[in-house]
Structure formats: structure tokens, C-alpha cells
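Protein chains in written order, with this note's numbering: chain A, 21 to 620; chain B, 21 to 620. Glycine included, every Cβ here is placed at the ideal spot set by N, Cα and C. For clarity, every value in this text was computed on a predicted model and none was experimentally measured. Notes for the one structure printed next.
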């Protein structure tokens, strides 16, 4: 009685304290006023809402956070687009996407305003079982440090990250399950692959056999736990018990609280019971498999919707997203272009858009944060944008930069302001501006390539620009040369842009392009360095080294992609890969300029 | 007045709540009943205590947690020790040590008991500036998943990890600082490496020049902030202002709250003021450098002490520790052996010890957790072991397995129990047992090599065992062969141990060793597979492929090690590298068996 009273008083005190706590803000509760945080815990619950947001969106924006960025530092300012793609692809294979921010913007005609729904997905897959490769991935100290300094929660990521499977991985997983099922249902095949018991381990295994025999002779149905032993011995026990006690006992691995593994042995009443248990396990396997597709489902909704996809400095985000969540990146650049255009028929890169003629002079810097600062001021005007009822999102006052979802949100707002600017410039009403995409036509399907000279970009569904590099030279020189030596060499022809390859060679671009011929005829026979025209250098390198290789790789890639296409088509119904995208892919399979139907 | 009263009441309430909180355990305070957690926050404060613990210890134990383990799965059961070392070394270059557990055990003769001091260090270095390479390191999903499931705090690691520098990195860092100082003190050299201003950026830079001129004409001493711009433009501004406003202004990069960088310009009153500011900066650089040596100091204390170092399954921990915190691993295996023995003249591996004849039959499994379970029971007796006064440590009831420090503690306790067992077996008194290391002689400097057949081990300061592999064959076979095919092939000669190399070759060991000759003469001319003697295969591979390469690499390694030796010697005084260890290294530089003096 006294104890109960004491407990009651304790409880009342606790409640009292918690009330005080919330008043004085001493507690740990954080009210999420930003994006909806999505982890494996709430993923399945949130998914229908995400699907709805995508389906109803006028456009969506997204942004990824990675474990690091290798390639960017390897890019040479005078790389060809093909070389650029290959470097980015390499980067993509090494690093992981760990956060995916998604912001869906819906234009509400009644209110003449945009409605925003913003989600922040934590992405990480645990190697739950052997179907998931135990991935080794790179991290870059500076990226990790940057993220942690911005408050990124790595514990949450590793504990509650959402898994994903691209098509290739999904096929592999499915195959594994089919094979596992075969092995279980016809145990005979398995026993041919038996391991011989090493003489040293024989006494231990003999003891185990005795233990199981005694258990079977006894009356108890309760499982017994075998002595702890190493994984090799556990394998031997499995094998021996299958040999000697088929259909009599079931051996199972159990994990103790301290993560150690032990074997439990349970008496089986009939072979039917055993089969039903095995079927149940297979069903569980299939359920886990479905859960494992995880975040990939979100990408499939996006692809399925055909919605306009907007990002800032989109290249890396795009290749990672395709490779990780949809289908492994093609070896061949042109196939990558085709595939991307089929999956995402309408994309827009605000980095590209903001650097074009119309905006260049009114946007000082188009680093995302600076871009947002610019569009908050004259001559820009951000259209009305509210958080969708029942959803989550940010306001412009939030300071969550470099949280993936906030970057997606900032991209969306910057895009809206630029779109609005284009419309107001043509004296259009708000409803007119946002009711079709005509104003955006010059920017659609063109993405900026960071660090390249000449404002290069990829034109999906069209022909990439090929700016002249007649003013560029490849030069080789002694190891002790510095910037000043190269500048000195070219000084008769004006200033130069130098892009180092290594410490004995570089590309050099003349600012005064008309001096190119003069420069070449003067310098081509220089004694202490070798000057070659850019085009000749690239031709020679192509012919000299990897033409054969490239052709071979082209062929095998083509086969790969064909295989992928078949896999995609076969899996359309179960896997919800949008047929539309695939059909577009086929019809768009031409080298001539093909704009999306929306522009016709 | 009312406001003050209100503030006072608030304060009193807060105190009241905090008291209640601590009573009801609702707060965030955790009372550390385990190891002392050491991060960059408390590292410098704890260091003297750590030093004392090491200095007074009878022996120390340690254990590391890594971001992953590549090599282990690449090990072939019939690798030579040399091959084994090379695989482990590769592993070591890819992954990081993220936690280092250290347990120091001091035998107190007065109390006839051990006193334990245990520390858990979080290890991670941020790429603070250009002196620290922006490391790319591998993580393995399963390792990360395992650690997080054991409660490892990655946020703490990345936020508060302690930095470290091995000798090579330290030298590089120091060199960089010297060069930076040179550049600052003689600015003339810098201007020869000027970048030409691209025509597009000229208007922006001209605006900046005007802004600075106006600031200099005005009266204010307050700094002004320049417009936000990208890193390239910031570089141009630095360069231009140095050219045009030498000794008039100081340009500095400032990081805003949102991590964006802007440039501040401050008027300089005299060139002396500028110099004194630069000197101050250099002093700060040096201070940061000293801090950056960080955790390496702990390893230097250990090396300096010459104390007995105990670990469980020591190989990986040892190579990582040497490579990361002391000196890059030697290319050559024999040099690695020499170097390790010089640094750690007395090491003991409880995995090796517990698998020897004396313990084999009384220890079922020597996985660390199982080993501890074994030594808690008869015939073992754990000697009295308490936490050192004023220090931290564990008790046997704690369940913190796979926290590095707890693993170190478990290793220590298991070691003590085995040591005690050896003494009791010889009817020695407790004081006699723990007063010298004679009983341990057969185990000292021998470390277990996981996954190798024939109980192979490395014998530091001695000759490695070379168990016969006359019963082992290399076989090549068609791709569709399975375990059963190989077993079938060898069935006339008894059971075999198969160690796969890939899907068309394997090593096969006969359990009945006396059948080796018979087997070879029967199978050497087999039609569907090629059977080679192990020794012949290894010889052929050695001659055929990498003898030339190896010789070359030997030579260059030798030079490296020589360089390292000089570096070590030069840095002894400032860097507290133990002279003793280096001297031992020289005298121990012989291929014959050299036991440590303690055993003579």
C-alpha cells in the first residue's frame, strides 16, 4: 500500500516536472518545423503521402548529400563531355547518397499560390542478409566533417536509413531467393557439397551428436541450446544434423543480446511441420525483399509521373540517383543520355538557367545560397508559396542550408522567382506564367557541367554544344615550370587560362582567340616545351591509346543496356517501372534534335 | 524591477527543476561507470593520467574498432605469411581506426591485486586545413551496422574525434608550415605566379578595387565586408589587393554562420602591424600542429615505456596502430617484423596463447567473449582486479562487448586468468606469479594469423614456423566444378580441406598427410584438371610473375626505411620518440633468433 502511494506520488511529480520542463524549454523535444524527416521507421506510413505529392506536383526539386566527392577535383577544365561523364561515373560508384531531399511544388489556381511539401529521406542500407552485398564505400573526411558541422545525424542515418535496390540488384536479390527456395525444397542436392570434418573438430561434433540424440530420447519439446562455437563449427553442426537427423530436428541460429550467435535445436513432430515452417520463412524472406526495395519506390513514382524535375547543379545528383535507385549507369555516354532522357523527360538545372544571358547580369553568384539571396531582392519577386495543408515544409526564414531537403526547397524558390521574372518581363499574369512551361523552353533538359570552360552543358534529347577549342593548346614542359613560365611563353599573345594536367603538362587557353594561329606558328617548334593543338592532342590520344578498347567496351555496354531494357520491360508490372518512360526511350532513339512533346 | 524579480523567480525554478531532475533521473547526465571516454574535448586534460597509467603498468591491453575489414575475406587458408602480410597491409591503407581501447593493469604487491585503468579513445581527424590530406577512406556496411547496433556513437566520433599523425604525415605537415612561412615573409616570390583575370570577371574585380579605394579614402578603421562571390573570384581579389594595396589593407576570409565564406578588408596602420599579425597567425598554426599530433602521443608513451603489450587476435590491431599512429607500414615483410619488434619489444596475443597445448582442451572456443566465459569457470581463477583509485574501468558484470575499451578489458582479464593458471599449475604464490614474466615466455612475441591453416603465427624477434605443406596441392578445374567434384577426385586418399582461390582453382589439403605422394602420382596426369604440388606452384608463381618487381620494390623500401630511421632519430628530442626502441632496432637487426633481454 505504502509502495503504491509512493509510486503514485512519483508519477504525479514526473508529470509536474514535464510540464515545467516544456515551459522552461529544458527538455529534449524538438518540434519539427522543417521538412518531414523520413527514415525506415516511418517510411511505409509516409509513402502514400509522398506519392500524392509527386502525382499532384507542378514540378519537383531534389538534392542529395553524399559521403564524398572524388571526381570533381579530377575534372580538367578542358575535358570533353565524354571524359567528364566517365569521371563523374567513377565518383558515383565509389560514394553513397546518404540523404535525399525532395520538395514537391503544386500550383493552386484558386489561390494563385504554390503549395510546398518537403521531405528529407535518410538513405542507408544494412547488409541484412547475404542478398545484400556487404558494400564497401568511400567517405571523404571533408564531406563528413562538413555534414557533421551542419548538424547531420549519422547515428540516425546508420540506425534508421531507408534501403534501396537498383534494377540489377533487385534482379540479383530475386534470383538468390529463387535459388534458396530450390535448395530448401530439395535438400538432396545440398548434401553433395558437404565439407569433410577436420580430425581436430571430430570430437566436438561427436559430442554434439550425442547431445542431440539424448534430447531426442528425452521427452521435452522445448528447444535446447548447443555450446557456443565458431562459425565453421556451426556450419559443420548444420551439415551433420541434416545428415543424421533429417526431419527429426530443426537447427536454428539465434543471436544473443550481446550479438553472439548460438545454435538452438528443436524437436520436429512431422515433416509437414518442417515444410510449413520453411514456407513461412520464405514468405518472410519475400516480405523483407519487398521492404528492401524501399526508397527506390519514391524514384519510381517520380519516373512514372513524368513530372518536371528541377535541381541545382544537377549532374552529380542525377547520375547518383539513376545509378543507385534506378539502373546502373551505362558505360557509354550517349546511352547514358538516352537512358536519362527516357527516365526523366523534363529536367531543369537552376545552375544552368541562372547563368544564361537573361540572368547573368542580375545574379552575381549562382552558388545556391547566393542565388536565393539574389532572388529575394529586386528585380525578382518570389511568388506566393505556402506549406501544403497536412504536409511539412520550410519557410524562407529557416536556416537549414545543406540539409538536403532545405537545398531542394531553396532550389524550388529560386526557380520560381526566375520563372516569375521571365513571365513578368512579358507582362503575363501569375496564372498565365505558371499554367504552362513555354517560358522555360530554353532551359529544359540542359544541365550545367561544373569546372568546364566555355559554359559547356549536356543537352538531353538534343545535341550537345561543341564550342570551338581552336584557341586551346596542350603543352608539355620541364618539371620545374610554374604558372609564370607558361604565362611568359604565351605573353606575346595576351593573357591565358591554364588548366594543369600534371606537373609536366597542361592545357592553355588564349583569352584573345584570334591570336591562336599566330601563337601556334610561333610556339610549335619551341625548344624547351612541346605545344600541340587541342584537337590534334585529343585525336592522337584517342587513336593512340583507347580506340580499340573503347570500341570493345561500346559493344559490351550495348549488350548490357539491351539486357537492362529487357529486364525493365519484363518487370514493368510487378515493379511499377513506368511503361511510358520506356516507350519514350524507344521513340527518342535518334541522334537528331528531339524536344519533348510539351514544347510542340 | 518587475523584470528582475521575474528573472530571479525563473532562476530559482530552474534550480529546483534541476534538483528534481537529478532525483528522478530524467536529465541527460550519464554517470560513466565504464572506461573513461576520451575525445578531443578532454584529451589534453586526460593525457597526463594516461601517461601515468602506462608508465606504472605491469602490462597494457588494447583493441581497435575499424570502419571495415577488407583483407580478411581475401585471405587464403594456404597463403604464405608474406602474402598474408601484404593483404593485411592493403586493408590497413583502406580503412580507419575509429576507436582505440586501452586498459592498463598495475600489479600492486601490497594488496596482491591488479589495478585497472581503462580508456576509450574516439579517433577521427578533420581536414582542418591544407596540411591535413582530405582523406578518402573505406567503410564496410556490415562493420558500420555492427558498430551502430552496439551503440557506437558516430556523431561523437565525427564531431569530437582525436586527430593523429604518423611520422611521415608529421614531417609533411612541418614542411608545409615552413614553406607557408617562407611565402608570407617574402611576398615578392608569390606575385610571379599570378593568375590572369578572365575578361568576364574584369568588371567585378574593377568594382572591388573601387570599393577598397573608397574605404581607404574614408575615415573608418572598421573592417568592410566584400560582396559574396565564388572561390575563384576570392582568389583574384586576394591577388589584386596584394598587388595594388600592399601594406595598406589586410584581406581575410571569414566564415559566416551558414558556412559561406566572405572576404573582409581591414585598414592596416603600418607594415609592422601587418607583420605582427602574420607572426601571430604562424604561432597559431604551430599550436594547431601540436594539437594535431594528438593521439599519436599516447602511442609514443607506450613505445617509450617498453611495457608488455597484450591484445586478442592482435595482427590487424597491430598493423593499423603502427601505420596510423607511428610510421607507415614497410613494403617488405621482414622489415615490418624488425620495425614492429623495435617499437614493441614485448607483445602477447591471447588468441595465440589460448590456442596452445596447455589451454586447448580447457578452452572450447577462443572468440574473445567465449574465452572470457571459459576463464570465469574452473580450472581458471581470475586474480583480484580493481579499478585504480581516481581512474575509470569496468567490472566483469558490465556488458559492453565490442566497445574497444571493454574488449581491451576482457583481453586483460582473460590474460590474467591464463597467467594465473600457469602459475598455480606450478604451485607458485600470487606474488611470485606476477612478479616476473618467465611463465609467459613461450607466448611472448608470437601472434596468431587468423584463417591460415596449420596454426601459423608470426614470431617477432625470432624465426617464423614453416609447417610442411607437402600434403597440399594446387588444382585447376572446369568452371562448373563443385566441392563434391574435388572431394570425389581425392576420395581414394581420404578427406580433404579445400581452400578456393577462384571458381577455376583451389588449394587442396589432405587430412591424411601420408597419402600425399600416392595422391600426386595418381592425379598429376589427370585429364580434366591440373594438379600441382603446393611448393612447385608457389615457386613457379614467384619466378614467373613478380620476382623482378619484388626485387625492385625491396630496394626502394629499404631506402624508405632508412629515410624513416633518420627522420625518427632527428625527431627524437622534440617528438618524444623513444631512443631506446631505435637502439634496440639496430642491435636486433639480425636474422637469428633474438629474445628480449627480459627472458635472459
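Considering only C-alpha positions, which residue in the set the options is nearest to residue i?
i: residue 372 of chain A; options: A/430, A/296 and A/465; result: A/465
i: residue 189 of chain A; options: A/160, A/178, A/344 and A/57; result: A/344
i: residue 411 of chain B; options: B/553, B/534, B/306 and B/124; result: B/124
i: residue 306 of chain A; options: A/289, A/153 and A/199; result: A/199
i: residue 61 of chain B; options: B/414, B/147 and B/314; result: B/314
i: residue 473 of chain A; options: A/481, A/485 and A/463; result: A/485
i: residue 127 of chain B; options: B/490, B/476 and B/432; result: B/432
i: residue 272 of chain A; options: A/265, A/490 and A/283; result: A/283
i: residue 56 of chain B; options: B/525, B/424 and B/467; result: B/424
i: residue 339 of chain B; options: B/95, B/96 and B/356; result: B/356
i: residue 337 of chain A; options: A/351, A/321 and A/360; result: A/360
i: residue 98 of chain B; options: B/429, B/197, B/526 and B/506; result: B/526
Examine chain B for any beta-carbon lying closer than 8 Å to the beta-carbon of residue i, and answer yes or no.
i: residue 161 of chain A; result: yes
i: residue 519 of chain A; result: no
i: residue 280 of chain A; result: yes
i: residue 535 of chain A; result: no
i: residue 597 of chain A; result: Any reading at residue 597 of chain A must be qualified, since the residue scores a pLDDT of 37, below 50, and its modelled position is unreliable; no value is offered.
i: residue 17 of chain A; result: Chain A is shown from 21 up to 620; residue 17 of chain A falls before or after that span and cannot be answered.
i: residue 648 of chain A; result: Beyond the ends of chain A as shown, which are 21 and 620, falls residue 648 of chain A; an answer cannot be given.
i: residue 528 of chain A; result: no
i: residue 111 of chain A; result: no
i: residue 164 of chain A; result: yes
i: residue 512 of chain A; result: no
i: residue 400 of chain A; result: no
i: residue 125 of chain A; result: no
i: residue 88 of chain A; result: yes
Quick one: does residue i have its CB under 8 Å from some CB of chain A?
i: residue 83 of chain B; result: no
i: residue 340 of chain B; result: no
i: residue 155 of chain B; result: yes
i: residue 390 of chain B; result: yes
i: residue 8 of chain B; result: Since the first and last residues shown for chain B are 21 and 620, residue 8 of chain B lies out of range.
i: residue 387 of chain B; result: yes
i: residue 233 of chain B; result: no
Express the C-alpha separation of residue j and residue i in angstroms, rounding to a whole number.
i: residue 365 of chain B; j: residue 121 of chain B; result: 20 Å
i: residue 311 of chain B; j: residue 183 of chain B; result: 8 Å
i: residue 276 of chain A; j: residue 294 of chain A; result: 24 Å
i: residue 470 of chain A; j: residue 333 of chain A; result: 8 Å
i: residue 498 of chain A; j: residue 552 of chain A; result: 16 Å
i: residue 496 of chain B; j: residue 528 of chain B; result: 11 Å
i: residue 102 of chain A; j: residue 108 of chain A; result: 10 Å
i: residue 142 of chain A; j: residue 408 of chain A; result: 22 Å
i: residue 391 of chain B; j: residue 447 of chain B; result: 23 Å
i: residue 479 of chain A; j: residue 362 of chain A; result: 13 Å
i: residue 69 of chain A; j: residue 171 of chain A; result: 26 Å
i: residue 137 of chain A; j: residue 413 of chain A; result: 5 Å
i: residue 324 of chain B; j: residue 80 of chain B; result: 13 Å
i: residue 549 of chain A; j: residue 261 of chain B; result: 33 Å
i: residue 358 of chain A; j: residue 482 of chain A; result: 10 Å
i: residue 233 of chain A; j: residue 220 of chain A; result: 22 Å
i: residue 153 of chain B; j: residue 95 of chain A; result: 19 Å
- Going along the chain, which unbroken runs of the beta strand (DSSP E) with 3 or more residues stay wholly within the region 334 to 407 of chain A? 367 to 369 and 405 to 407
- Query: Any residues in the region 370 to 385 of chain B with a beta carbon nearer than 7 Å to a beta carbon of chain A? Which ones, in chain order?
  - Reply: Against chain A - using a Cβ distance shorter than 7 Å - the residues of the region 370 to 385 of chain B are 384 and 385.
- Item | Members of the region 247 to 259 of chain B that neighbour chain A once the beta carbon cut-off is set at 7 Å | 247, 248, 249 and 250
- Message: Using a Cβ-Cβ cutoff of 9 Å, what residues of the region 304 to 327 of chain B are near chain A? List them in chain order.
- Response: none
- Would you list, in sequence order, the uninterrupted beta strand (DSSP E) runs of no fewer than 3 residues that lie entirely inside the region 509 to 550 of chain B? 516 to 522 and 525 to 530
- Within the region 155 to 181 of chain A, ranges of the beta strand (DSSP E) (whole runs, at least 3 residues): 156 to 160
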